[in-house]
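Read the structure below first, then the notes.
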Amino acid sequence: MDYEEEFADQHVPPSFDPMKNVVTGKGLNPGLIVLLVIGGLVLAFLVGNYFLYMYAQKTLGPKKKKPVSKKKMKRERLKQGVSAPGE
Numbered sequence: 002m003d004y005e006e007e008f009a010d011q012h013v014p015p016s017f018d019p020m021k022n023v024v025t026g027k028g029l030n031p032g033l034i035v036l037l038v039i040g041g042l043v044l045a046f047l048v049g050n051y052f053l054y055m056y057a058q059k060t061l062g063p064k065k066k067k068p069v070s071k072k073k074m075k076r077e078r079l080k081q082g083v084s085a086p087g088e
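For the sequence shown, the positions run 2 to 88 when our numbering is used.
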């Protein structure tokens, strides 16, 4: 006796339906495709920026400091209590 033939006339609940688990050719969910594309672009952007940053650190070197103006130097010396020369 075959199990399926014996109970073929009875209703099978959807959770136990053997045909429910058969994969159909529906394709991927369009929302998932958009999410994967946007996520991939954001990830590529971040990784690319990281590598550009690392490359710039190696090739450009440290930033040069601006020269301090004479006026600011005089002001700093006065704050420290050292009189500026010539005064």
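Positions of the beta carbon are idealized from the N, C-alpha and C atoms, including for glycine.
In the structure shown, what three-state DSSP assignment does residue i receive?
i, result
"Leu47", "helix"
"Val69", "coil"
"Leu37", "helix"
"Leu29", "coil"
"Lys64", "coil"
So, for residue i: in the same chain, excluding its five sequence neighbours on each side, which residues have a beta-carbon less than 6 Å away from its beta-carbon?
i, result
"Phe52", "none"
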